[in-house]
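S.K.: Here the working numbering is used: the first residue of the sequence shown is 134, the next is one more, and so on.
Glycine included, each C-beta is placed from N, C-alpha and C at the ideal position.
Owing to the predicted nature of the structure, the values given are computational and were not obtained by experimental measurement.
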Amino acid sequence: MFDYLIVGAGLAGSVLAERLATKANKKILLIDKRNHIAGNTYDYYNNDGILVHKYGPHIFHTNSKEVYEYLGKFTAWRPYEHHVLASVDGQLVPIPINQNTINALYGLNLSCEQVQDFFNSKAEKKPVIRTSEDVVVNAVGRELYEKFFKYYTRKQWDLDPSELDASVTARVPTRTNKDNRYFTDTYQAMPMHGYTNMFSKMLDHPNIKIMLNTDYKEVIGTLNYKTLIYTGPIDAYFDYCYGKLPYRSIDFKFETIDAENFQPTGTVNYPTSQPYTRITEFKHLTGQKHNKTSIVFEYPTAEGDPYYPIPRPENMEIYNRYKILAASERNAYFTGRLGTYKYYNMDQVVAQSLTLFKKIMQTTQTEPIINGHKLSPIKAG
Ligand code: FAD
Ligand code: UDP
């Protein structure tokens, strides 16, 4: 009998498995349908011996000391600040848009204050910021919006920014200074030996049994456990009874090049040209020394693994109906980027899992489930 059946060996499931096993001495069965742990952060050495991220570039950044120190129990860190350039008007210029971007793009030499005046003269001020278009047009005006955001967003989401929540483009700020970093968080670092290595350490506990290549739906009727923690897509759990929640997927195309370097920064974005959104060169992120280099192109698509929840009101309405169902499910918790349909970064998922762990510890003991059947109608929580 397992105390917990955890579906999904990504960050959400693995943090909970680790906490419950080590802090509460619980017996865990951790299941994933993929052939590896680490979920979307999974990295591996390719045929040329270069460390690459199978599901696209993952850069760790957080303002949470708790999250940084928690993950630091399982990995040493390599300091890394991500830089991104955007290919615009035949130049590579920094994104987020900043003083250097404006000066390079328009051949100017504006000071910090003059850049603010420049933005003010271009901005279309909105009384209410509702959409992803509003965010950018309100800050820098329509011309820069079109150069950097409009077409990139259409490629990435197959939606116009005016159809997406403000929160999507609000992830990318506007600056008047010369700070070329993509993120400004207090802690910015990469796991020294990669994400998969960090997960191996996290899950190395006698109380944690891992089953890979296993879809939980195929085995759930045969398992004995007390409580379910589910980190897969919430709509799939409920057999899409309220319809499918839309997700955006990506086709990753990897290439290894017989040269030490490919591009000047970790990522280069292609907002208007090219069918892909961006190219990332892993050696910048990992610090690996190698005489070859590996890059990944991202081609957004509607089909494929569910990577991005799509933040817009009609999708939140569907999610909220599933959330109500989830709350009435006995002895079950739903968490993670897919389980709560939230466009979360890694650190947010870790924080969410640490919070859920504390909540579970305050919850009364639940009733066992034998061969997939609950014995009595007691709701946890
Ligand atoms: P996941 O990692 O998706 O794990 C869920 C697991 O559940 C999966 O392994 C899946 O196989 C499994 N599962 C699903 N259904 C079943 C089933 N029926 N049976 C068994 N198992 C099942 N965050 C950052 O902080 N920085 C970044 O730079 C960054 N870059 C990203 C780039 C891309 C392209 C993407 C898609 C995401 C990026 N993220 C980034 C976000 C990050 O990947 C997530 O926040 C994090 O991995 C979510 O962890 P999770 O455990 O919730 O989900
Ligand atoms: N975005 C854009 N142009 C850029 C960078 C980002 O239009 O050069 C928009 C786009 O809609 C993207 C969103 O901002 O999906 C968030 O960007 P981020 O880099 O955070 O995306 P992620 O790394 O999560 O894919």
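1. For aspartate 372, does the count of other Cβ atoms within 10 angstroms reach 16, so buried, or fall short, so exposed?
2. With H, G and I counted as helix, E and B as strand and the rest as coil, what does DSSP make of isoleucine 353?
3. What would DSSP say about valine 140, mapped onto helix, strand or coil?
4. Which ranges does the alpha helix (DSSP H) cover as unbroken runs of at least 4 residues, wholly within the segment 163 to 234, from first to last along the chain?
5. Leaving aside the five residues before and after asparagine 271 along the sequence, list all residues of the same chain whose C-beta is less than 8 Å from its C-beta, in chain order.
6. Using alpha carbons as the reference points, say which of Asn158, His169, Lys159 lies closest to serine 333.
7. Going along the chain, which residues of its own chain have a beta-carbon closer than 6 Å to the beta-carbon of isoleucine 412, five neighbours each way excluded?
8. Is alanine 145 near the ligand FAD, in the sense that its beta carbon is under 6 Å from a heavy atom of that ligand?
9. When the Cα atoms are used, what is the spatial distance from tyrosine 278 to threonine 307?
10. What are the complete alpha helix (DSSP H) segments, minimum 4 residues, inside the segment 365 to 425?
11. Roughly how many whole angstroms lie between the Cα atoms of lysine 283 and proline 442?
12. Any heavy atom of the ligand UDP within a distance shorter than 6 Å of the CB on phenylalanine 281?
13. Just the C-alpha distance for proline 379 and asparagine 448, rounded to the nearest angstrom, thanks.
14. Closest to isoleucine 192 by C-alpha separation, out of Phe207, Gln407, Asp176, Thr389, would be which residue?
15. Rank Glu436, Phe395, Thr496 by C-alpha distance to the C-alpha of arginine 463 and give the top, closest one.
16. To which residues of the same chain is lysine 512 closer than 8 Å at the C-beta, ignoring the five residues directly before and after it?
17. Quick check on alanine 465: does DSSP put it in helix, strand or coil?
18. Looking at the strands, I want to know which residues DSSP matches up with alanine 322.
19. What ranges does the alpha helix (DSSP H) occupy inside the segment 242 to 309, keeping only unbroken runs of at least 4 residues that lie completely in it?
20. When the distance is taken between beta carbons, is proline 229 closer than 7 Å to valine 305?
21. Rank Arg445, Asn231, Leu487 by C-alpha distance to the C-alpha of cysteine 245 and give the top, closest one.
22. Spatial neighbours of glutamine 224 within its chain, please: C-beta separation below 8 Å, excluding the five flanking residues on both sides.
23. For tyrosine 403, count the other beta carbons within 10 Å of its own beta carbon; 16 or more makes it buried, fewer makes it exposed. Which is it?
24. Roughly how many angstroms separate the alpha carbons of proline 324 and asparagine 233, rounded to a whole number?
25. Is it true that the CB of tyrosine 137 sits closer than 7 Å to the CB of lysine 166?
26. For glycine 327, I'd like the list of residues in its chain whose CB is within less than 6 Å of its CB, leaving aside the five on either flank, ordered along the chain.
27. When we look at the beta-carbon of glutamate 202 and count the other beta-carbons within 10 Å, is it buried (16 or more) or exposed?
28. Does the beta carbon of isoleucine 262 come closer than 7 Å to any beta carbon on chain B?
29. Expressed to the nearest angstrom, what Euclidean distance is found between the alpha-carbon atoms of threonine 389 and threonine 410?
30. What did DSSP end up calling arginine 314 once you bin it into helix, strand or coil?
31. Going by DSSP in three states, alanine 513 sits in which element: helix, strand or coil?
32. Could you tell me the alpha carbon to alpha carbon distance between glutamine 396 and aspartate 181, rounded to whole angstroms?
33. Secondary structure at isoleucine 428, three-state DSSP: helix, strand or coil?
34. What are the boundary residues of the beta strand (DSSP E) that lysine 359 is part of?
35. Look at the alpha carbon of tyrosine 178 and the alpha carbon of glycine 172, and state the distance between them as a whole number of angstroms.
36. Which residues mark the beginning and the end of the alpha helix (DSSP H) in which methionine 344 is found?
M.R.: Answer, in terms of the structure:
1. exposed
2. helix
3. strand
4. Segments of the alpha helix (DSSP H) lying fully in the segment 163 to 234: 198 to 204.
5. Ala256, Glu257, Lys258, Lys259, Ile262
6. When each option's Cα is compared against that of serine 333, the closest is His169.
7. Val401, Ile428, Phe430
8. yes
9. 11 Å
10. 367 to 370, 415 to 419
11. 19 Å
12. Yes.
13. 7 Å
14. When each option's Cα is compared against that of isoleucine 192, the closest is Asp176.
15. Thr496
16. Only weak support is given to the placement of lysine 512: the predicted model assigns it a pLDDT of 42, under 50, and the value that follows is read from those uncertain coordinates. Counting only Cβ-Cβ distances below 8 Å, and skipping sequence neighbours, we find Ser461, Arg463, Asn464.
17. The answer is strand: DSSP assigns alanine 465 an E or B state.
18. Alanine 322 has Pro212 as its beta-bridge partners, per DSSP.
19. Those alpha helix (DSSP H) runs which fall completely within the segment 242 to 309 and span 4+ residues are 245 to 255, 265 to 273, 275 to 278, 284 to 290, 299 to 302.
20. yes
21. Asn231
22. Ala237, Leu238
23. Tyrosine 403 sits buried, since 16 or more C-beta atoms from the chains shown fall within 10 Å of its C-beta.
24. 30 Å
25. no
26. Asp176, Leu184
27. exposed
28. Considering every chain present, this structure includes no chain B. It has just one protein chain.
29. 19 Å
30. strand
31. Unreliable placement is indicated for alanine 513, whose pLDDT of 40 sits below 50; the coordinate value is still reported in the next sentence. In the structure shown, alanine 513 sits in coil (DSSP, three-state: anything other than H, G, I, E or B).
32. 19 Å
33. strand
34. 358 to 363
35. 16 Å
36. Note, methionine 344: premise wrong, no alpha helix (DSSP H); beta strand (DSSP E) at 341 to 344.
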